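Take a look at the structure set out below.
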């Protein structure tokens, strides 16, 4: 891992209130605000920015990164 690696590898570094992007291999699947993190279970809940709907995200199925200010609304 380098300092330019944008991906989150440890859910302990993710906190409620942070903006996050959830990616599959090539597409942005979810973007929103973290509401809860259960690092010991490998999941987090994200409230979708576009709809306000909460989503349960299993971290081992996606790539996560903090949202850039360009995407934030």
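In this note's numbering, the protein residues as written are 1 to 73.
Yeah, the Cβ is synthetic: ideal placement off N, Cα and C, and Gly gets one too.
Predicted model, so just to flag it, every value in this text is computed and none were measured.
Do residue i and residue j have their CB atoms nearer than 7 Å?
i          : j          : result
residue 11 : residue 31 : no
residue 28 : residue 45 : no
Please classify residue i: does DSSP put it in a helix, a strand, or coil?
i          : result
residue 30 : strand
residue 59 : helix
residue 38 : strand
What residue does the beta strand (DSSP E) around residue i start on, and which one ends it?
i          : result
residue 20 : 19-23
residue 7  : First-last for residue 7: undefined, no H or E at that position.
residue 47 : 43-48
Any heavy atom of the ligand MN closer than 6 Å to the beta-carbon of residue i?
i          : result
residue 36 : This structure lacks the ligand MN, and indeed carries no ligand of any kind.
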